[in-house]
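Protein chains: 4
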Amino acid sequence: MIVVMRPGATAEDVKRVEYRLEELGFKTHPIYGQEKTVIGAIGDKKSLSSEAIITLPGVEKIVPIMRPYKRVGRELKQEKTIVQVGDVAIGGDEIVVMAGPCAVESMEQMLEAAQAVKKAGARILRGGAFKPRTSPYAFQGLEDEGLAYLVEARAVTGLPIVTEAVDPRDVALVARYADMILIGARNMQNFRLLKEVGMTGKPILLKRGLAATIEEWLMAAEYIMDAGNSQIVLCERGIRTYETATRNTVDLSAVPVVQENSHLPVIVDPSHGTGLWKLVTPMARAAVAVGADGLMVEVHPSPATALCDGPQSLNPENFAALMEEVEKIAIGMGKRVRDNRN
Amino acid sequence: MIVVMRPGATAEDVKRVEYRLEELGFKTHPIYGQEKTVIGAIGDKKSLSSEAIITLPGVEKIVPIMRPYKRVGRELKQEKTIVQVGDVAIGGDEIVVMAGPCAVESMEQMLEAAQAVKKAGARILRGGAFKPRTSPYAFQGLEDEGLAYLVEARAVTGLPIVTEAVDPRDVALVARYADMILIGARNMQNFRLLKEVGMTGKPILLKRGLAATIEEWLMAAEYIMDAGNSQIVLCERGIRTYETATRNTVDLSAVPVVQENSHLPVIVDPSHGTGLWKLVTPMARAAVAVGADGLMVEVHPSPATALCDGPQSLNPENFAALMEEVEKIAIGMGKRVRDNRN
Amino acid sequence: MIVVMRPGATAEDVKRVEYRLEELGFKTHPIYGQEKTVIGAIGDKKSLSSEAIITLPGVEKIVPIMRPYKRVGRELKQEKTIVQVGDVAIGGDEIVVMAGPCAVESMEQMLEAAQAVKKAGARILRGGAFKPRTSPYAFQGLEDEGLAYLVEARAVTGLPIVTEAVDPRDVALVARYADMILIGARNMQNFRLLKEVGMTGKPILLKRGLAATIEEWLMAAEYIMDAGNSQIVLCERGIRTYETATRNTVDLSAVPVVQENSHLPVIVDPSHGTGLWKLVTPMARAAVAVGADGLMVEVHPSPATALCDGPQSLNPENFAALMEEVEKIAIGMGKRVRDNRN
Amino acid sequence: MIVVMRPGATAEDVKRVEYRLEELGFKTHPIYGQEKTVIGAIGDKKSLSSEAIITLPGVEKIVPIMRPYKRVGRELKQEKTIVQVGDVAIGGDEIVVMAGPCAVESMEQMLEAAQAVKKAGARILRGGAFKPRTSPYAFQGLEDEGLAYLVEARAVTGLPIVTEAVDPRDVALVARYADMILIGARNMQNFRLLKEVGMTGKPILLKRGLAATIEEWLMAAEYIMDAGNSQIVLCERGIRTYETATRNTVDLSAVPVVQENSHLPVIVDPSHGTGLWKLVTPMARAAVAVGADGLMVEVHPSPATALCDGPQSLNPENFAALMEEVEKIAIGMGKRVRDNRN
């Protein structure tokens, strides 16, 4: 931590800060510049309590030096984490595509979607049984019934399933049926939910919050790891900006930033990221080219009748075309997609 | 709902949209312009399912006409809601100040803070027992013990208490002790938590999410009202922007926007809103001048040793000064603050 | 400047950075922590060239310590600047209200607006002769003719006039007629224009760019001061955020932040800041309460027929009411508005 | 245009709006819903003046239907524009890479950079002679001398040159020497500059403003086309968001959005977009995969001594590696890069 003193700070002000830092367990190293004094503080105390130094007289600002995360960082673990979901490995040379409808609506819809995405080469099936919706009057999901349909779709296709948990009280239920648990963007800082899924041992797909910094997102993953679960895949799904042409703005540079700072795999969701089905395929290609470990794509047998997120869902033909295009980019990256073909 | 067709849309495209809208229960009114056709659709169906119309050929965009909220809106209830917390009424001519530490740390700290804020004129005591923190290594609150200290502070000062619930499983416990339940910014779209506090019948203080639109914020309140609880106070606490000089950017124009669209009272939290104690008093004055129904201010007996949010906390003397300044603005607004004086 | 080295940085990496810093004229002070080394660098070299240090091996980040501005800062000049526009002093105990139409449309409109705002207590008359417009098909201003009408309105009312310059080639013309030159938000970083108005010696009203940080805004003022002109008033006019309920989000906390860091006066424009006339008066009250030195308000004799910004313009009656309300808040602040009454 | 009336609007309110719209030359089509009335208004009048309708009693909001741009839109011109810069065509099957240093610093630096980027396959040489800088104390460019070095580098390498104009008074000079004129992000809404370059007939590279919507960006291009110049290439260079891990957030979805709405070619600048050289190559790959017509990359012979933007510049070896990687993605897109090889 570096404490920057104001230009007019007195020798006494500097002393007071040094004294307080030492009281908190830091060693101090003042550097006297022409206009300002800065104090280097070395120690492993929690940064939070020491932030209060900013309220002492003469202090201008505090500059943290250490990253706030430990377990998710590259510093303690150099090699990349491979997350295993059933027989699918995320984080290696295969670009893993997860696909399926936003919400589970019926057995028929789920089976139709599952077979279509499998045929096109998806490796994991998605579908929401518990839906967090902005409006209390919107379809909230089939809940237990939806889980049953997902399980049936898995039995038929052999695809592992990923589905969302929205309440700590449902985690045990979701963990019983799902192969991977999704934490949605709105719950990225629902810390109780993070702790709960951290205790399941199941692979977790952690979406970035809609206005979360990359650091906050990694801290959310740190909660899950701190609860004992290191099987985490991160998912960039667009952030909120002033631009209204798209539902969100996909921050693809987050992929290499995460990869430099963390050993966890990271995938991209171009469906929520753009909100418009026509943009899903171009952004899926870009996600693969930037180096993402996978994709999550909304596919519905009939987007025009979908109960949720119809405007951003692909129909099966468009999804098959997406897979064709994505494969060509994967080849350019020296990776592969759809290895279950043949 | 208005459906805007693309310039090149054919008569058949228009027919298809009309047909689908009628199927969904809407009456349609096409208007043929020189370059574009637009279709007015009248009906009270849920907007979500009809959004899928955008995937039909020839459709450019959908423009919703109805507001998505009902119960929180001025349209069904013209008169302003007064929320009663113990003997304090929020939403009337008194500007209600809630104050206290970010986190409950000890009985001594809590009592000292409670007596200081009461003396200066605060009407409700705040203090966090359950703390949502970005880092799993930061102080997470004293939980049950913290609630006990709050109850003691209430007994000593007579001030009703407001404290946060972060997990649906804790709501019953918090509701047993608190006079008002706080839903924090990170949980604004934790819909299960909203439903749970909606069932308690306790007054709720609902903070705006850190990147929530005003409409999403009102929709979160709608969840609580839909669960049967209309005793809701909204709290603007700053939104996330690109500016880094402050922790958040307080959106004071949200206060009159909420007041025009909703009957619920709205207060401002300049402590979280700015993150810097020096800015708390000027922004508290501005909040009163813009027409807020109250303030929430972090006050700590010794900000430099606070376990949470020290940099944005006022000490008791500064809080007393804030109250003096705020009172002068309240007079200019024809309102009062600190009516428990004398 | 502080150079933070990565955890794995070698002794050689640190040496290389120290060597390069010394070459650039800095004295270096390394501090060796358990996980990271940081290097304090003292010197008064331009920060820009030294930023390139970040490309050296082992460097994680650079933390600037010195503020980038000099002349606009409080450090070199403690006392607040008073900017004199005709007989009006901005930056003292009077809250100076500038008002008038967005665009000069006709002699009649200009005289009617000028007399109305004078009667209500405005001290400076605004009106745009050169208009920067998002669309090339929108009304672009009356240019020279508009300046002539402004001059006539000044002659009739005695109010000094403020009007915008949008092109370095027009600055001499505008400076000949105007009492104060406005630099609009879109031109805040039009550095050639800043230099040109810096050479006129006229008082300058510098609006904040629509996505400018406070630091960038102060740096724009630094350009004007560096060109020899210290008669600058800053104007907060709302920043761009994700919220769509208002045209922009007024960042009122920018007022005390500017006042702490700079000696220049700062005013608020609630008309552009909100884009909605109903919000202008509440935000004007808040601006005064937060400590602004003045206001800029759009007033049009007939907003419904305005060629520019009608939706955010007040009619004369609403402006008179605004002045009444603002005066009450000014009294609460120990200031005055409308001292030309009597 | 659609005028949405408030729920309580009277028949008289609706009449008044209809009357005013008709006065403005619109035909009106009211649609009476259960709670709200909406009025469709057909006509080709400028939208700006009609916006003022919002100030009439009973009006809730105005929804524009027509896009504000004409000449840049796909509606009037279906086929994509090919912009010719010397012998290089932008907008076809070749992905055109423009590369070179941020600022022209010396003849030696410019020649070294030019030869390096040519060797690696760049088709156009960039270099700034006039530099808009946030600080008046930062290097402002070599101006005329810089142009001379660019001309020399063109003579030696045969690469056409693109360089920035920042002042309407310099446009003639820049147009005399440059093959393509760059309008920087800060000048995207410097409308006088846009008009001036619109009159040169030279190809223009128009960067997106740092907080500009896609629509505002297209409107800036409309200014240039309206001045008679249709040789425009758009350049996405990152937008301002709350995320601080990168200098800006590259909005790659802007590429397909522009391509759907406009016939103009669009390229991406991953150097300014990210601000960090390590992210330039991944984002360049992603830009090609999303469908961009080209790239603009900062390359400096020695980034650690660059006078401008060193942290985001590639050295020649890294740029050569970027070109190798980008070529593989281009192949996956059925396009080519570096066709001047062999």
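Going down the list, the protein sequences come from chains A, B, C and D.
First residue of the first sequence? That's 0 in numbering that gives the first Met the number 0, and the numbers climb one at a time after it.
First residue of the second sequence? That's 0 in numbering that gives the first Met the number 0, and the numbers climb one at a time after it.
First residue of the third sequence? That's 0 in numbering that gives the first Met the number 0, and the numbers climb one at a time after it.
First residue of the fourth sequence? That's 0 in numbering that gives the first Met the number 0, and the numbers climb one at a time after it.
Where a beta carbon is used, it is the ideal one built from N, C-alpha and C, also for glycine.
All values derive from a computational prediction rather than experimental measurement.
Could you give the distance in angstroms between the alpha-carbon of A/Gln188 and the alpha-carbon of B/Asn247?
Across the structure, A/Gln188 and B/Asn247 are spaced so that their CA atoms are roughly 17 Å apart.
Candidates B/Ala288, B/Ser301 and B/His271, of which the one nearest C/Gly331 by Cα:
The shortest C-alpha separation from C/Gly331 is found at B/Ala288.
Which of the three DSSP states is assigned to B/Met295 in this structure?
If DSSP states are grouped into helix, strand and coil, B/Met295 belongs with the strands.
Residue span of the beta strand (DSSP E) that contains D/Pro29, given as start and end:
Lys26 to Tyr31
Using the Cβ count rule (16 or more neighbours within 10 Å means buried), how would you classify A/Arg175?
It counts as exposed.
Rounded to whole angstroms, what is the Cα-Cα separation between C/Tyr31 and D/Ala210?
40 Å
Would you tell me roughly how many angstroms separate the C-alpha atoms of A/Glu107 and A/Leu306, rounded to the nearest one?
14 Å
Is A/Met4 near A/Gly39, with beta carbons less than 8 Å apart?
no
List the residues of chain D whose Cβ lies closer than 8 Å to the Cβ of B/Lys35, in chain order.
Ile64 and Met65
Compare the C-alpha of D/Lys334 against each of D/Gly290, D/Phe318 and D/Ile64 and name the closest.
D/Gly290
DSSP state of A/Val165, grouped into three classes?
The three-state secondary structure of A/Val165, taken from DSSP, is coil.
Less than 8 Å between the C-beta atoms of D/Ala177 and D/Gly208, yes or no?
No, the pair does not count as a contact, with Cβ atoms beyond the cut-off.
Reducing DSSP to helix, strand and coil, say where A/Arg66 ends up.
coil
Would you be able to state if there are at least three C-beta pairs under 8 Å between the segment 267 to 286 of chain D and the segment 298 to 314 of chain A?
no
Does the beta carbon of D/Pro56 come closer than 8 Å to any beta carbon on chain B?
no
Considering Cα atoms alone, identify which of A/Glu259, A/Glu215, A/Ala219 and A/Val196 is closest to A/Asn228.
A/Val196
Compute the Euclidean distance between the alpha carbons of B/Phe190 and A/Ala220, then round it to the nearest angstrom.
21 Å
Measure the CB-CB distance between C/Ala285 and B/Ala285 and report whether it falls below 8 Å.
yes
By how many angstroms is the C-alpha of A/Lys194 removed from the C-alpha of A/Ile223?
6 Å
Is the distance from the Cβ of D/Ala152 to the Cβ of D/Leu110 below 8 Å?
yes
Starting from the Cα of D/Glu215, find the closest Cα among C/Pro202, C/Arg73 and C/Arg132 and give me that residue.
C/Arg132
Quick check: the Cα distance between A/Val336 and A/Leu263, rounded to an integer number of angstroms?
Computed Cα separation, rounded: 19 Å.
Per-residue contacts from B/Ile1 into chain A (C-beta, under 9 Å):
In chain order: nothing, as chain A lies at least about 16 Å away.
In this structure, how does DSSP classify A/Ile223 when only helix, strand and coil are distinguished?
helix
Taking 8 Å as the threshold, find out whether the segment 67 to 84 of chain B comes into contact with the segment 91 to 106 of chain D through three or more Cβ pairs.
no
From this set, D/Gln230, D/Gln258, D/Ile213 and D/Ala226, which residue's C-alpha is nearest D/Gly237's C-alpha?
D/Ile213
Same chain only: Cβ atoms within 6 Å of B/Ala121, ignoring 5 sequence neighbours per side
Val96 and Ala98
Taking a Cβ distance cut-off of 8 Å, strictly less, list which residues of the segment 229 to 258 of chain D are near chain A, in chain order.
Within the segment 229 to 258 of chain D, the residues whose Cβ lies closer than 8 Å to any Cβ of chain A are, in chain order, Ile238, Thr240, Tyr241, Glu242, Thr243, Ala244, Thr245, Thr248, Val249, Asp250, Leu251, Ser252, Ala253, Val254, Pro255 and Val256.
I'd like to check one pair, A/Val161 with A/Ile123: are the Cβ atoms closer than 8 Å?
yes
Return yes when the C-beta of C/Gly293 is under 7 Å from any heavy atom of the ligand MG, and no when it is not.
Although the ligand MG was asked about, the structure shown includes no ligands whatsoever.
Around the C-beta of A/Glu242, are 16 or more other C-beta atoms found within 10 angstroms, so that it is buried, or is it exposed?
Around the beta carbon of A/Glu242, 16 or more other beta carbons lie within 10 angstroms, which makes this residue buried.
For B/Pro202, which residues in the same chain have their Cβ closer than 6 Å to its Cβ, ignoring the five residues on either side in sequence?
Val82, Val84, Met179 and Gln230
List, in order along the chain, the chain D residues whose C-beta lies closer than 7 Å to that of B/His28?
Ile30
Residues of chain C with CB under 8 Å from B/Pro396, in chain order?
The question about residue 396 of chain B has no answer, for chain B in this structure spans 0 to 341.
Please state whether DSSP places D/Leu278 in a helix, a strand or coil.
helix
Which whole-angstrom value is the C-beta distance of A/Thr54 and B/Pro302, which I expect to be below 8 Å?
5 Å between Cβ atoms; contact.
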